[in-house]
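Q:
Below you can see the structure in the form of structure tokens.
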């Protein structure tokens, strides 16, 4: 089968690799109909993850059709459409049973060497009884795919912020995860969601979602946040960038006794934390990896009801054969790119 493979920093090659096979009773083989290029894929692509191995297939955002099931699978059959979490979790350990599959003791990540990548014609999904969710009838790939990663991550960020009706919410970053954090925050009925970024095309997308765009290259975001909050600062700040300066800015935006919820993927081992300031101001700080399985089913239901449309962030759709171009324009933000999806079967 064809798959997008990592051949070193800034080098993605679509080549033939062996077809996946059923290996365990709870495996499913999925015919991938749509795959996304994610920001964390780019962390490998540009060398930030410093992965020395090459030749492995990439990608962990996927949706498709079940073509084969292991002997232990009873909740899926060939022909079913399914979307999956970016991480395969067991569903049986303490963490899975308590709502934290992101901490599963047997977790396996798609792409990144551990498992086959989803930017391919077919994908083996371990523990598919738990990892996959059925796609509601009539729901397009483009609307459903992001529940397996970035939509759930954005919702997790908002959920952990404990947003209340009437709150002032600031979201740092209007990349794909930030946009979904904004979309999710609006579901909690706040007074306003302020989208802080400096890329015009991203801020325009924030506006389309329903957030108030704040161009940090033109105005002081602190002043704007205070203007909307009677001088206090934001009740909740959501961070979706993943670099130290953006996280540090959250402490300037948040009010006393407010909450910061961060889901940006940090590749630095550590950063400066304003411990004394946070102590004096009673700041609650939360950070972590989204337990996607906790949210997938409910979000698919909300999409099916027409309450949200995740597909609106897609700016580029291309065949799998053009994966190298997809990575290039996504990483370098060419052509006003916000989100790229690939079609492995045309």
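Numbering (the numbering used here), first residue to last: 8 to 353.
Ideal Cβ positions, reconstructed from N, Cα and C, are used throughout, including at glycine.
Do the region 196-206 and the region 173-181 make contact, defined as three or more Cβ pairs closer than 8 angstroms?
A: Short answer: they touch.
Q: In whole angstroms, what is the alpha-carbon distance linking residue 306 and residue 154?
A: Near 7 angstroms, if we compare the C-alpha coordinates of residue 154 and residue 306.
Q: Assuming residue 142 and residue 89 make a contact with CB atoms under 8 angstroms, what is their CB distance in whole Å?
A: About 6 angstroms; that satisfies the 8 angstroms criterion.
Q: Name the two residues that bound the continuous alpha helix (DSSP H) containing residue 50.
A: It spans 46-52 - the alpha helix (DSSP H) in which residue 50 sits, taken as one unbroken run.
Q: Shortest alpha-carbon distance to residue 299 belongs to which of 240, 36, 166, 193?
A: Looking at the Cα atoms, 166 is the closest of the given residues.
Q: Excluding the 5 residues flanking residue 352 on each side, which residues of the same chain have their C-beta closer than 6 angstroms to its C-beta?
A: Result list for residue 352: empty, nothing under 6 angstroms.
Q: With contact counted as at least three CB pairs below 8 angstroms, one residue from each stretch, are the region 179-190 and the region 230-239 in contact?
A: Segments in contact, no.
Q: Since residue 132 and residue 34 should fall inside the 8 angstroms C-beta cutoff, what is the C-beta to C-beta distance between them, to a whole number of angstroms?
A: Right, their Cβ atoms sit about 7 angstroms apart.
Q: May I have the straight-line CA-CA distance separating residue 317 from residue 170, to the nearest angstrom?
A: Each residue's alpha carbon lies about 21 angstroms from the other.
Q: Excluding the 5 residues preceding and the 5 following residue 28 in the sequence, name in chain order all residues of the same chain whose CB lies nearer than 6 angstroms to its CB.
A: Nothing meets the Cβ criterion.
Q: Can you tell which of 269, 285, 250 has the C-alpha that lies nearest to the C-alpha of residue 276?
A: Answer by Cα proximity: 250.
Q: Considering just the uninterrupted stretch of the alpha helix (DSSP H) at residue 278, what are its terminal residues?
A: That residue, residue 278, is in no alpha helix (DSSP H); it is neither H nor E in DSSP.
Q: Give the range of the alpha helix (DSSP H) segment to which residue 235 is assigned.
A: Unbroken run through residue 235: none, as it is neither H nor E.
Q: What residues match up with residue 21 in a beta bridge as DSSP calls it?
A: Bridge partners of residue 21: 11.
Q: Can you give the Cα-Cα distance for residue 213 and residue 322, rounded to whole angstroms?
A: Whole-angstrom Cα-Cα distance: 14 angstroms.
Q: Run the CB neighbour count on residue 68, radius 10 Å, all protein chains shown included, and call it buried at 16 or more, exposed below.
A: Looking at its Cβ environment, which holds 16 or more other Cβ atoms inside 10 Å, residue 68 is buried.
Q: Considering only their Cβ atoms, is the gap separating residue 161 from residue 247 smaller than 8 angstroms?
A: Yes, the Cβ-Cβ distance between residue 247 and residue 161 is below 8 angstroms.
Q: Name the residue from 129, 137, 281, 84 whose alpha carbon lies nearest to the alpha carbon of residue 25.
A: For the residues 129, 137, 281, 84, the minimum Cα distance to residue 25 belongs to 129.
Q: Roughly how many whole angstroms lie between the Cα atoms of residue 344 and residue 134?
A: In a straight line, the C-alpha of residue 344 is about 34 angstroms away from that of residue 134.
Q: Going by beta carbon distance, what residues of the same chain come within less than 7 angstroms of residue 354, once the five residues before and after it are set aside?
A: Any property of residue 354 remains undetermined from this structure, which presents the chain solely from 8 to 353.
Q: Grouping DSSP H, G and I as helix and E and B as strand, with all else coil, what is residue 55?
A: Three-state DSSP puts residue 55 in coil, outside helix and strand.
Q: What does residue 117 pair with, by DSSP beta-bridge criteria?
A: Bridge partners of residue 117: 122.
Q: Quick one: which unbroken beta strand (DSSP E) runs of 3-plus residues sit fully inside the region 206-258? Chain order, please.
A: Runs found: 219-222, 241-246.
Q: Name the residue from 57, 43, 50, 65 whose alpha carbon lies nearest to the alpha carbon of residue 13.
A: The shortest Cα separation from residue 13 among 57, 43, 50, 65 belongs to 65.
Q: Look at the alpha carbon of residue 147 and the alpha carbon of residue 271, and state the distance between them as a whole number of angstroms.
A: Going by the C-alpha atoms only, they are around 27 angstroms apart.
Q: Which first and last residues belong to the beta strand (DSSP E) in which residue 168 is found?
A: That residue, residue 168, is in no beta strand (DSSP E); it is neither H nor E in DSSP.
Q: Between which two residues does the beta strand (DSSP E) holding residue 146 run?
A: Segment: none, residue 146 is in no beta strand (DSSP E) and carries neither H nor E.
Q: Quick check on the DSSP output: the alpha helix (DSSP H) that includes residue 314 runs from which residue to which?
A: Per DSSP, residue 314 belongs to no alpha helix (DSSP H) and is neither H nor E.
Q: Given that a residue counts as buried once 16 or more other Cβ atoms are within 10 Å of its Cβ, and exposed if not, what is residue 61?
A: So residue 61 counts as exposed.
Q: Using the C-alpha atoms, what's the distance from residue 206 back to residue 9?
A: Their Cα atoms are separated by approximately 34 angstroms.
Q: Across which residues does DSSP place residue 6 in a beta bridge pair?
A: Because the chain spans 8 through 353 in this model, residue 6 falls outside it and cannot be assessed.
Q: Going by C-alpha to C-alpha distance, which of 100, 217, 303, 325 sits closest to residue 157?
A: The residue with the shortest Cα to Cα distance from residue 157 is 303.
Q: Could you pull the start and end residues of the beta strand (DSSP E) that residue 269 belongs to?
A: 261-269 is the span of the beta strand (DSSP E), which, as asked, contains residue 269.
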